[in-house]
Amino acid sequence: MPKYFDAHCHLQNATDIPGVLSRAESVGCAGCVCNATRPSDWNAVLEIGRVWSCVRCAIGVHPWYIGECSANWDVVFRQTLMTDKKIMVGEIGLDINHPDITAQERIMGTQMEIAHELSRPVWIHCVGAWDRVLHIIKSLGAHRPPVMIMHAFAGTPQILHQLMRYDDVYVSYSPMILDAHRTKLIDTVRTTPLNRILVESDGSDPAVVTDVVARIAEIHGIDTDTVANTVFKNIGGILSI
Ligand SMILES: [Zn+2]
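So this is what it looks like as structure tokens:
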């Protein structure tokens, strides 16, 4: 059976974590990266990682929740990351549909700098703000985090092309690509190099990544095992597993 890995989920929202993880295991999904969204869920996410060895953790401030940051959130953020070098950064990013894009940029920028300093991969959410995200990446220069994952990627082939100039950027496809009506997104999937693709549930049921891999294989016109093996190798390299 090919191996799968859910590169971005929110298990902290699952009502039955043992149930969803055993279902994931039964379809060949070896684990997942559980992303926090705000300071108040960092501990819950880290606790899930302590209990379940197949769960890797990322902590961060999602653009929807920047209003929940206390004055010293970044101090706590850095200190928490320093407790274990396996903790990654996510989910962070920009979302044009939510208020104060300038504050979002500042908070994302701080998290990108700390991720670089502590050498941690980052999981990035971007809605309607690709020019700004690309600007942040460019302006960081060599001070970029070691790996940047564009989660639930839904950009155009043009945005993909700009992102692929950076060897340290991956795009992660979610069940959104199962929607046959999203023809532009399917064009993007078709032009994405296999060695830069990850898959994710973006929810609380990691088993769904098997469907995402099957759809990528269909779009690329190659067999599912080849896609599964390459995508697993990609995430394995990022997580050192
Ligand atoms: Zn998410």
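Residue 6 is where the sequence shown starts when you use this note's numbering, and the numbers rise one by one after that. Think of the CB as a built atom: it goes at the ideal place given N, C-alpha and C, for glycine as much as any other residue.
Between LEU16 and ILE53, the beta carbon gap of about 5 Å places them in contact (Cβ cut-off 8 Å). Taking VAL194 as reference, the option from VAL174, TRP57, HIS225 and ILE101 with the minimal CA-CA separation is HIS225. MET117: member of the alpha helix (DSSP H) spanning 106 to 122, first to last residue.
Just measuring C-alpha positions, the residue of VAL214, ASP207 and ARG83 sitting nearest HIS13 is ASP207. Contact between CYS62 and LEU26 does not hold, since the beta-carbon distance rounds to 14 Å and is not under 8 Å. Setting aside the 5 residues that flank it on each side, HIS148 is surrounded in the same chain by HIS121, each with a C-beta closer than 6 Å to its C-beta; the list follows chain order.
When C-alpha distances from ARG111 are compared across ILE191, CYS37 and ASP79, the shortest belongs to ASP79. Look at the segment 155 to 179 and you find these whole runs of beta strand (DSSP E), each 3 residues long or longer: 174 to 178. If you check the CB distance, GLU205 and VAL214 come in under 8 Å. The shortest CA-to-CA distance from ASN102 to any of ARG170, CYS131, SER144 and LEU183 is the one to CYS131. Take GLY133, set aside five residues on each side of it, and the residues of its chain with a beta-carbon closer than 6 Å to its own are ILE101, in chain order. Segment contact: the segment 185 to 193 against the segment 137 to 152, fewer than three CB-CB distances shorter than 8 Å; contact not assigned. Around ARG43, the same chain offers VAL66, HIS67, TYR70 and GLU73 as residues with beta carbons nearer than 7 Å, after the five sequence neighbours per side are excluded. Ranked by how close their Cα comes to the Cα of GLY146, the residues LEU244, ASP210, ASP172 and PRO211 have ASP172 in first place.
Taking 7 Å as the cut-off, the C-beta of ASN102 does not count as close to any heavy atom of ligand 1.
Rounded to whole angstroms, LEU244 and MET87 show a C-alpha spacing of 17 Å. Boundaries of the beta strand (DSSP E) harbouring TRP128: 127 to 132, taken from the DSSP string. At a Cβ-Cβ threshold of 8 Å, ILE141 and VAL176 do not count as neighbours. Each residue's CA atom was taken as its position, placing TYR178 and MET169 some 15 Å apart.
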